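S.K.:
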Amino acid sequence: MQLSVDICNTKSYLAGTGWRRSAPLTALLLRSTAEREQRRHSVSDTDVQEITQQVTTFEELGLSPKVLSAVIDAGYTQPTPIQAGAIPHALEGKDVLGIAQTGTGKTAAFVLPMITRLEKGRARARMPRTLILEPTRELAAQVEENFVKYGKNHRLNISLLIGGVSFDEQLKKLERGADVLIATPGRLLDHFERGKLLLTGVEILVIDEADRMLDMGFIPDIERICKLIPFTRQTLFFSATMPPEITKLTEQFLQAPVRIEVAKPATTNASITQKLVKSGSKPWDKRDRLRQLIRAEGDELKNAIIFCNRKTEVATLFRSLVRHEFDAGALHGDMDQRSRTTMLENFRKGKLRLLVASDVAARGLDIPDVSHVFNFDIPIHADDYVHRIGRTGRAGRSGKAFTLVTKSDKKYLQSIEKLIGEDVDWYDGDLSTLGPEDEHEEKPSRGKAGSKRNDRDRKPKREREARPPKAEAQPEAPVAAEATQPVESHRSAPAPRPAERKDRRDNIRSGNEDRRSRYRDRDDDMPAVVGFGDDIPDFMKIVGKV
DNA sequence: AAAAAAC
Numbered sequence: 008m009q010l011s012v013d014i015c016n017t018k019s020y021l022a023g024t025g026w027r028r029s030a031p032l033t034a035l036l037l038r039s040t041a042e043r044e045q046r047r048h049s050v051s052d053t054d055v056q057e058i059t060q061q062v063t064t065f066e067e068l069g070l071s072p073k074v075l076s077a078v079i080d081a082g083y084t085q086p087t088p089i090q091a092g093a094i095p096h097a098l099e100g101k102d103v104l105g106i107a108q109t110g111t112g113k114t115a116a117f118v119l120p121m122i123t124r125l126e127k128g129r130a131r132a133r134m135p136r137t138l139i140l141e142p143t144r145e146l147a148a149q150v151e152e153n154f155v156k157y158g159k160n161h162r163l164n165i166s167l168l169i170g171g172v173s174f175d176e177q178l179k180k181l182e183r184g185a186d187v188l189i190a191t192p193g194r195l196l197d198h199f200e201r202g203k204l205l206l207t208g209v210e211i212l213v214i215d216e217a218d219r220m221l222d223m224g225f226i227p228d229i230e231r232i233c234k235l236i237p238f239t240r241q242t243l244f245f246s247a248t249m250p251p252e253i254t255k256l257t258e259q260f261l262q263a264p265v266r267i268e269v270a271k272p273a274t275t276n277a278s279i280t281q282k283l284v285k286s287g288s289k290p291w292d293k294r295d296r297l298r299q300l301i302r303a304e305g306d307e308l309k310n311a312i313i314f315c316n317r318k319t320e321v322a323t324l325f326r327s328l329v330r331h332e333f334d335a336g337a338l339h340g341d342m343d344q345r346s347r348t349t350m351l352e353n354f355r356k357g358k359l360r361l362l363v364a365s366d367v368a369a370r371g372l373d374i375p376d377v378s379h380v381f382n383f384d385i386p387i388h389a390d391d392y393v394h395r396i397g398r399t400g401r402a403g404r405s406g407k408a409f410t411l412v413t414k415s416d417k418k419y420l421q422s423i424e425k426l427i428g429e430d431v432d433w434y435d436g437d438l439s440t441l442g443p444e445d446e447h448e449e450k451p452s453r454g455k456a457g458s459k460r461n462d463r464d465r466k467p468k469r470e471r472e473a474r475p476p477k478a479e480a481q482p483e484a485p486v487a488a489e490a491t492q493p494v495e496s497h498r499s500a501p502a503p504r505p506a507e508r509k510d511r512r513d514n515i516r517s518g519n520e521d522r523r524s525r526y527r528d529r530d531d532d533m534p535a536v537v538g539f540g541d542d543i544p545d546f547m548k549i550v551g552k553v
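So the first sequence is numbered by our numbering: it starts at 8 and just counts up by one.
Here it is in structure tokens:
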């Protein structure tokens, strides 16, 4: 079934061609505080000043020529509603309350005016001039990329303060004086407590994804940080929804903000084909099912994100897929930052076909051109479903989203269908001829042949944890060798014939390799390589490069 | 029935 989903369409605005399609979106612009108060609880269409049709180009927004030229160079001509609404006010120095989903062009809505305003003045050591708070490290890094892209005509000192990486380099950049400081709350406060950071010079504060910060328990940190910054600052505040806690926060820390609300569009151009796929409820049933689906999609599946609900499941599924010779990587919050960065980078570059991920990758991540999304686990919260499948079908492309559904998933499925206002079709393709896994299908109890594999599946988390390969853990594939050995050369190596593949798989299942990996030193745990001989997946050979 | 974030 073809179903339009708001987040996906709006996401397409980030792509060059997408920004022109602003018609379905409506930006609400309520000018005065009084007006806003009056209408807070009942915003109706007649209250709305539509600005979408009025502003048609970036030139009209008041951005500086240098910023404008970077925007044009990036291929954008028309601002999205949130950009058209927020930029003029942000340039005037007003506080902005932006209510918008990720992917509505929200990031550029604060990056562009900030760069314009930063043209005047200069940063002093340890006193950043602007501060942007993000809920996850990957989003923070993504915002940094935006500053690099749109600030290419400027000489901005940009500093990224996130956890999981060393302090030293971050300190150096702070010492040099940061025009732009992008941070996750934990690491920012860490630096502050060490006395390496003064927030008294911050002219512009951006709080992004506020409702997600709320979910993550960041609000006390946010309140603390806000209090450290002089109230003469300008605050740009973004949230997809406005629960009471967030409203309270805005009342506390924003001064006479201009409220800009981007409504969810009812229909979209970009579309995602969604399918539900019945599966047995055991993890191995689901893994079998997933492999069948991936094979059934064949070449149509260019690349895919596979979402699991738990980090342990991400790790297990990742290892399982690699064992079955799929080109897979993993991304979740317990992985070391280096692996996270590398996995995401390789997936973005197309060096990795499958990315098994937790919901750390569900929202906001800008990965154009993902052909498929699989929900290995049905998301417990319906809005996560929308965010997850919104990773595909972007930039005017079509996408496919498959969700594995077990008997116990019914209530979650119901809440999803209620949220999106439509029933999702069941997969009608034939998966019964797609491989040896089928014989395990829907088996209520484990057969003898499968029991060893299942034993492994049930091992406690720590020993099974997927350790995405670290560069230093594979001396046989040093960075230098990678440079002289292009990825294509691996690709062109003769692939094992189907019969060999099956043999190898059975061999792995027999448990010999398992025993080896089980007793290996944990830090040296590179299970994916064990048993592959020379047939190491591409991505493992390139992880040295960051 | 979860994930995310500082050491």
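Beta carbons: idealized from backbone N, C-alpha and C, even for Gly. Bear in mind that the values here come from a model prediction, so they are computed numbers and not experimental data.
Please go through the same chain and pick out, in chain order, the residues whose beta-carbon is closer than 7 angstroms to the beta-carbon of Glu151, but skip the five residues on each side of it.
M.R.: Ile165, Leu167, Ile189.
S.K.: Which word fits Arg465, buried or exposed, when buried means at least 16 other C-beta atoms lie within 10 angstroms of its C-beta?
M.R.: Note that Arg465 has pLDDT 39, beneath the 50 cutoff, so the model's placement of it is unreliable and no number is given.
S.K.: According to DSSP, is Ser346 helix, strand or coil?
M.R.: Residue state, collapsed to three classes: helix.
S.K.: Nearest by alpha-carbon distance to Thr624: which of Asp102, Ala389, Thr399, Val412 is it?
M.R.: The shown model of the chain, from 8 to 553, leaves out residue 624, and the question about it has no answer.
S.K.: With H, G and I counted as helix, E and B as strand and the rest as coil, what does DSSP make of Asn160?
M.R.: In the structure shown, Asn160 sits in coil (DSSP, three-state: anything other than H, G, I, E or B).
S.K.: Determine, using beta-carbon pairs with one atom in the segment 145-162 and one in the segment 224-239, whether at least three such pairs fall under 8 angstroms.
M.R.: Short answer: they don't touch.
S.K.: Can you tell me whether Leu261 is buried or exposed? The criterion is at least 16 other CB atoms within 10 Å of its CB, across all chains shown.
M.R.: Leu261 is buried by the Cβ-count criterion.
S.K.: Look at the Cβ atom of Lys282, then the Cβ atom of Leu411, and state whether they are nearer than 7 angstroms.
M.R.: For Lys282 and Leu411, no; Cβs fall outside 7 angstroms.
S.K.: Give the list of continuous alpha helix (DSSP H) stretches no shorter than 4 residues that lie fully inside the segment 53-123.
M.R.: Complete alpha helix (DSSP H) runs here, min 4: 72-80, 88-99.
S.K.: Among Arg398, His388, Gly397, which one has its Cα closest to the Cα of Gln421?
M.R.: The option with the nearest alpha carbon to Gln421 is His388.
S.K.: Could you name the residues of the same chain whose beta carbon sits closer than 8 angstroms to that of Arg317, not counting the 5 residues immediately before and after it, in chain order?
M.R.: If we look at Arg317 and ignore the five residues flanking it on each side, its Cβ neighbours are Ser365, Asp384.
S.K.: Any idea which residues DSSP pairs Met223 with across the strands?
M.R.: Its beta-bridge partners do not exist; DSSP assigns none.
S.K.: Count the other C-beta atoms from every protein chain shown that fall within 10 angstroms of the C-beta of Thr242, then say buried if there are 16 or more, exposed otherwise.
M.R.: When all chains shown are included, Thr242 counts as buried.
S.K.: For Ser286 and Arg194, what's the separation of their Cα atoms in angstroms?
M.R.: Between Ser286 and Arg194, the C-alpha separation is close to 41 angstroms.
S.K.: Return the Cβ separation of Leu328 and Val363 in integer angstroms, given the expectation that the two are a contact with Cβ distance under 8 angstroms.
M.R.: Contact holds; Cβ gap of about 7 angstroms.
S.K.: Are the segment 131-147 and the segment 176-192 in contact at 8 angstroms, needing three or more beta carbon pairs?
M.R.: With a cut-off of 8 angstroms, the segment 176-192 and the segment 131-147 count as touching, because enough Cβ pairs lie within range.
S.K.: Who does Ser380 pair with in a DSSP beta bridge?
M.R.: Note that residue 380 is Val in the sequence shown here, rather than Ser. Per DSSP, Ile312, Ala408.
S.K.: Report the rounded CA-to-CA distance for Asp215 versus Leu351, giving the unit in angstroms.
M.R.: Each residue's Cα considered, the two are about 21 angstroms apart.
S.K.: Out of Met223, Arg231, Asp218, His394, point me to the one whose CA is closest to Val199's CA.
M.R.: As written in the sequence, residue 199 is Phe, which differs from the Val given in the question. Taking only the C-alpha atoms, the option nearest Phe199 is Arg231.
S.K.: In whole angstroms, give me the CA-to-CA distance for Pro375 and Tyr83.
M.R.: The straight-line gap from Cα to Cα measures roughly 16 angstroms.
S.K.: Let me make sure I understand the geometry here. Which of Glu429, Lys425, Trp433 has the alpha-carbon closest to that of Phe409?
M.R.: Closest option to Phe409, Cα to Cα, is Trp433.
S.K.: Please return the same chain residues whose Cβ sits closer than 6 angstroms to the Cβ of Ile423, not counting the five positions on each side in sequence.
M.R.: Answer for Ile423: Ala389, Tyr392, listed in chain order.
S.K.: Going by C-alpha distance, which of Asn353, Thr413, Thr399, Thr348 is nearest Leu146?
M.R.: The shortest C-alpha separation from Leu146 is found at Thr348.
S.K.: Per DSSP, Ser327 is paired with what?
M.R.: Partner(s): none; Ser327 has no beta bridge.
S.K.: Looking at the strands, I want to know which residues DSSP matches up with Phe260.
M.R.: The partner list for Phe260 (beta bridge, DSSP) is empty, contrary to what the question assumes.
S.K.: For the alpha helix (DSSP H) containing Leu205, list its first residue and its last residue.
M.R.: Run containing Leu205: none; DSSP gives neither H nor E here.
S.K.: Among residues of its own chain, excluding the 5 on either side of Gly158, which ones have a beta-carbon nearer than 6 angstroms to its beta-carbon?
M.R.: Same-chain partners within the cutoff: Ile122.
S.K.: If the criterion is Cβ atoms closer than 7 angstroms, does the pair Pro120 and Ile94 meet it?
M.R.: Yes, these two residues count as a Cβ contact at 7 angstroms.
S.K.: So what does DSSP say about Leu212, is it helix, strand or coil?
M.R.: Three-state result, Leu212: strand.
S.K.: Since Leu98 contacts Arg136 with CB under 8 angstroms, what's their CB separation in whole angstroms?
M.R.: That pair is no contact at about 16 angstroms.
S.K.: Compare the beta carbon distance of Leu104 and Pro264 with 7 angstroms and say whether it is the shorter of the two.
M.R.: Yes. Within cutoff.
S.K.: Can you grab the Cα-Cα spacing for the pair Asn160 / Thr413, in whole Å?
M.R.: Rounded to whole angstroms, Asn160 to Thr413 spans 53 angstroms at the Cα level.
S.K.: At the level of alpha carbons, what is the spacing between Glu126 and Leu70?
M.R.: Rounded to whole angstroms, Glu126 to Leu70 spans 11 angstroms at the Cα level.
S.K.: With distances taken between CB atoms, is the gap from Val367 to Gly340 smaller than 7 angstroms?
M.R.: Yes, Cβ-Cβ distance for Val367 and Gly340 is below 7 angstroms.
S.K.: Measure the alpha-carbon distance for Arg162 versus Ser76 and round it to whole angstroms.
M.R.: C-alpha separation (whole angstroms): 15 angstroms.
S.K.: According to DSSP, what are the bridge partners of Ser278?
M.R.: In DSSP, Ser278 forms no bridge with anything.
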